[in-house]
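Reviewing the structure listed below.
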Amino acid sequence: MRPALLLLLAALAAPVAAQTAPATPPPPQPVNYSVPPAAEKDVASLDAIIAALYDVISGPVGQARDWNRLRSLFIPEARMMPVGVRPDGSVGMRLLAVNDYIALSGPLLVERGFHERELARRTERFGHIAHVFSTYEGKVAGDAPPMRGINTIQLMNDGRRWWIVSLMWEAESPGVALPAHYLPAAK
C-alpha cells in the first residue's frame, strides 16, 4: 500500500508541476509609480539619491521638511525599517511605509531639529540593482551626543532614474559597535 500511495501522490503532483512551470518569463513591465515627481538631480545616480535622502530629513529646529521630496525618492510600496533593542532586551523591527515614517518621525524632526550625514559607504551593484551600506552620524539639536549607525538601502534603476526600494537602519548601542570596515578610512 505504501508504494501505491507514493505512486498516487507522484501522479497527482506531476500534472500540477507541468501546468505551473512557466515557458518563458514575461518581460519586465515599465515602472509607472504614482509618487511626486523627483528632481532629476536627486535620482540621476546612486550618489545623488543617497545625498538627497540625508538632505531631506536634516534641518534645524522649526524647519519643515519637504516630505514630497522624500516620497519622490521611494517606490510607493517601499519600506522603512528601524531595528533596535527593546526595553526588555529583545531585538525588534518596525515595518513602516514612507507615509508612516513621515507621520511618526516628521513632527519630532521639526520639533527637535536633526541633522544626519553619511560617514562612509559600501556599495554592491549588479545590473539594475544596488545595495548600499551607508554609515551615518545623526545629531539632535542641543547638547545630545551624536549617534551613529548603518543605513542599509536597496535600490533599483528603471533605466531613467534610481528608486529606493527599502531602507533599514540600526544605531550603535551597548554591545553593537560599528566595525572598522564600515567607518571612514583613516587618512
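If you use mature numbering (1 follows the signal peptide of the UniProt record, and there is no 0), the sequence shown corresponds to residues -23 to -1, 1 to 164, in order. Glycine included, each C-beta is placed from N, C-alpha and C at the ideal position.
Using the beta-carbon count (16 or more within 10 Å), is Ala41 buried or exposed?
Counting from 1 along the sequence shown, the entry for residue 41 is found at position 64. With fewer than 16 other Cβ atoms within 10 Å, it is exposed.
Quick check on Ala107: buried or exposed, where buried means 16 or more other Cβ atoms within 10 Å of its Cβ?
By one-based count along the sequence shown, residue 107 stands at place 130. By the beta-carbon neighbour count (other beta carbons within 10 angstroms, threshold 16), Ala107 is buried.
Would you report the Cα separation of Pro151 and Gly61, rounded to the nearest angstrom?
Stepping through the sequence shown from its first residue, residue 151 is reached at position 174. Stepping through the sequence shown from its first residue, residue 61 is reached at position 84. Each residue's Cα considered, the two are about 11 Å apart.
Among Arg98, Arg89 and Ser49, nearest to Ile130 - alpha-carbon criterion
Your numbering for residue 130 matches position 153 in the sequence shown. Nearest of Arg98, Arg89 and Ser49 to Ile130, Cα basis: Arg98.
Closest by CA to Gly36, which one among Asp19, Arg89 and Asn45?
In the sequence shown, the residue the question calls residue 36 occupies position 59. Gly36 has its Cα closest to that of Arg89, out of Asp19, Arg89 and Asn45.
Just to confirm the assignment, what range does the beta strand (DSSP E) spanning Leu99 have?
Position 122 of the sequence shown, counted from the start, is the residue given in the question as residue 99. Here the sequence assigns Arg to residue 99, which means Leu is not the residue at that position. Following the DSSP letters along the chain, one finds Arg99 inside the beta strand (DSSP E) bounded by residues Phe91 to Phe103.
Count the C-beta pairs between the region 15 to 30 and the region 67 to 83 that are closer than 8 Å, then say yes if the count reaches three, no if not.
At 8 Å Cβ cutoff, the stretches do not touch.
Report yes if the C-beta distance between Val38 and Ala118 is below 8 Å; otherwise report no.
As a first step, residue 38 is located in the sequence shown; it is residue number 61 there, counting from the start. As a first step, residue 118 is located in the sequence shown; it is residue number 141 there, counting from the start. For Val38 and Ala118, yes; Cβs fall inside 8 Å.
To which residues does DSSP link Pro59 through a beta bridge?
To locate residue 59, count along the sequence shown from 1; it is residue 82. Answer is Trp146, bridged to Pro59.
Going by Cα to Cα distance, which pick from Gly69, Arg138, Val142 and Trp146 is closest to Gly126?
Sequence index remark: in the sequence shown, residue 126 carries index 149 (1-based). That would be Trp146, whose Cα lies nearest to the Cα of Gly126.
Three-state secondary structure (DSSP) at Pro151?
Residue 151 sits at position 174 when you count from the first residue of the sequence shown. Looking at Pro151 - three-state DSSP - the assignment turns out to be coil, as it is neither helix nor strand.
When you compare the CB positions of Leu23 and Trp140, do they come within less than 8 Å of one another, or not?
What you label residue 23 is simply residue 46 of the sequence shown in a count that begins at 1. What you label residue 140 is simply residue 163 of the sequence shown in a count that begins at 1. In terms of Cβ geometry, Leu23 and Trp140 do not form a close pair [threshold 8 Å].
On the criterion of 16 or more Cβ atoms from any shown chain inside 10 Å, does Phe51 qualify as buried, or is it exposed?
Position 74 of the sequence shown, counting from 1, holds the residue named residue 51. Within a 10 Å sphere around the beta-carbon of Phe51 sit 16 or more other beta-carbons, which makes this residue buried.
To the nearest angstrom, report how far apart Pro64 and Ala121 are at their CA atoms.
Within the sequence shown, numbered from 1, the residue matching residue 64 stands at position 87. Within the sequence shown, numbered from 1, the residue matching residue 121 stands at position 144. Whole-angstrom Cα-Cα distance: 20 Å.
Hey, Thr112 and Tyr159 are a contact pair by Cβ (cut 8 Å); roughly how many whole angstroms apart?
Residue mapping note: residue 112 aligns to position 135 of the sequence shown, counting from 1. Residue mapping note: residue 159 aligns to position 182 of the sequence shown, counting from 1. Between Tyr159 and Thr112 the Cβ distance is about 5 Å, and since that is below 8 Å, they are a contact.
Where Asn128 falls, given that 16 or more other Cβ within 10 Å makes a residue buried
As a position in the sequence shown, residue 128 is number 151, starting the count at 1. Asn128 comes out buried.
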